[in-house]
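Below is one structure; the comments refer to it alone.
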Amino acid sequence: MSDTKRKQGLNERLDSLGREVVRAAAMDETAAEAVASSPFLYARLRARIKAEGERREEGERWFTLLGVVWRAVPAMALTTIFALALFWSASVSTRSPSTFSLESLLDTRDAGIQHVVFADRQPLSSDEVLATILNEDEREATR
Amino acid sequence: MDEMAERPDPAGDASARAQSTAEPPDAELVARAGAGDEEAFELLFNRHRRRVSLIAGRFFRQPEQIEEVVQESFTKAFFALGDFTNAQESSFAAWLARIAFNTCYDELRRMKRRPESSLSNISDAETAWLQEHMRAEGAGADVEATAVARDLADKLLARLSAEDRLVLVMLDAEEMSVADIAKLTKWSSSKVKVRAHRARARLRRVLSRFL
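If you want it as structure tokens, here you go:
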């Protein structure tokens, strides 16, 4: 019982000393007064606010850029995937041998037979036909 | 108690003085400063610079540190002027005091990460002072005048965490109530009480090492 009382008394004295210590550390107002009355304090504050404003602006710019990148990257990735898928499907369909093979169309595998396709050849006009016949007639007449 | 009566209101008395004279009230200056009026912000600064310096002086003794806190507090206040509303805060002074205390707290935490003083720096004279004051009850009257006491106090408080120091300074130096501290720190009242109890226990442990 006396031990508890003694401990309690000691704690109270320590608390009281602790309060004195805290007050002693906090009560010196000379430095604070000197700072408060410093003549160029506001000028230094304005400079700091300006610097901080510029820093925040820079940060916001980076943040905006990051936001754009954040949205653009997935969109670009999707576009790339879509383009790759299209390219792949196109290459697969051109490689398919049975349907649109040139060889099967022209049947050039048969030896001795030549097939010529004049796909873009214009049909002969009647003048050209007449001129050809006349030329033939003249050649025979000269013989 | 007399000492308490002489103490300034935690929220600061500068704005009250301003209201009693013909000067524009804080709320009007805040609105004007928020709209880009630099003169209004300068008026606010001149009105509250002393109070913010004194708050910083409760935690720091170097003029550079005090000025750092003053500048940081007003810079934060400048960029947060839009957030200040009289409806939420009791006054601009209280709002600014909260910013100043938070800035001090941040600075204490920053200092704690790279401690410059330790218990090993405590001299024999300082230990003797502690022992003498432990024996003599009510010897606090001449404490403020003693340079030894201030140096010793700084060294001892440097051993506490930033939270402990903040609470003890608010309670013992600023003589604020638990409710005021809770409002300023945005902690609950019970958290303030628990924190104060733990802070006192830690300070007791630090002190008892030298007795």
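Chains as they are written, first to last, in the numbering used here: chain A, 1 to 143; chain B, 1 to 211.
Using N, Cα and C, we set each Cβ at its ideal position, and we do this for glycine too.
No experiment lies behind these values; they were computed from the predicted model shown.
At a cut-off of 9 Å between C-beta atoms, Glu23 (chain B) does not count as an interface residue with respect to chain A. Look at the beta carbons and you see the segment 11-28 of chain A touching the segment 45-59 of chain B: at least three pairs across the two are nearer than 8 Å.
Sequence-distant Cβ neighbours of Ile181 (chain B) in its own chain, meaning closer than 6 Å and more than five residues away, are Met170, Val192. Listed in chain order, the non-local C-beta contacts of Glu163 (chain B) below 8 Å within the same chain comprise Tyr105, Arg195, Ala199, local neighbours out to five positions each way being set aside. Judged by DSSP in its simplified three-state form, Asp28 (chain A) adopts coil rather than helix or strand. Among the residues of the segment 165-197 of chain B, those with a Cβ less than 7 Å away from any Cβ of chain A are Leu168, Val169, Asp172, Ala173, in the order of the chain.
With contacts defined as CB atoms closer than 9 Å, Leu160 (chain B) and Leu152 (chain B) fail to qualify as a contacting pair.
Burial of Ala77 (chain B) is indicated by the presence of at least 16 other C-beta atoms within 10 angstroms of its C-beta. With a 10 Å radius around the Cβ and a threshold of 16 neighbouring Cβ atoms, Gln71 (chain B) comes out buried. Between Asp26 (chain B) and Leu44 (chain B), the beta carbon gap of about 7 Å places them in contact (Cβ cut-off 8 Å). Just measuring C-alpha positions, the residue of B:Asp172, B:Ser73, B:Arg150 sitting nearest Asp15 (chain A) is B:Asp172. In this chain, Phe60 (chain B) is not harboured by any alpha helix (DSSP H), its DSSP state being neither H nor E.
In this structure, A:Ser38 is the residue among A:Leu66, A:Thr30, A:Arg6, A:Ser38 with its C-alpha nearest to the C-alpha of Asn46 (chain B). For the segment 19-44 of chain A, the set of positions with a beta-carbon nearer than 9 Å to some beta-carbon of chain B reads Arg19, Glu20, Val21, Val22, Arg23, Ala24, Ala25, Ala26, Met27, Asp28, Glu29, Thr30, Ala31, Ala32, Glu33, Ala34, Val35, Ala36, Ser37, Ser38, Leu41, Tyr42, Arg44 in chain order. Chain-ordered, the chain B residues with CB closer than 7 Å to the CB of Asp15 (chain A) read Arg200, Arg204.
Secondary structure note for Leu29 (chain B): its alpha helix (DSSP H) is the uninterrupted segment 26-34.
Per the C-alpha coordinates, the member of B:Glu39, B:Arg209, B:Pro24 positioned closest to Leu130 (chain B) is B:Arg209. Collapsing the DSSP output to three states places Lys76 (chain B) in a helix. Inter-residue distance for Glu23 (chain B) and Phe74 (chain B) is about 20 Å (C-alpha atoms, whole angstroms). Between the alpha carbons of Glu42 (chain B) and Ala47 (chain A) lies a distance of about 13 Å.
For Leu96 (chain B), the enclosing alpha helix (DSSP H) begins and ends at 92-113.
When the alpha-carbon of Tyr42 (chain A) is set against those of B:Ile99, B:Glu67, B:Leu108, B:Glu107, the nearest one is in B:Glu67. Counting only residues of its own chain and dropping the five nearest sequence neighbours on each side, Ala51 (chain A) has no CB closer than 8 Å to any other CB.
Taking the Cα of Ala128 (chain B) as reference, the smallest distance to any Cα among B:Val30, B:Ser190, B:Leu211, B:Ala31 is reached at B:Leu211.
Per DSSP, the unbroken alpha helix (DSSP H) holding Ala131 (chain A) starts and ends at 126-142.
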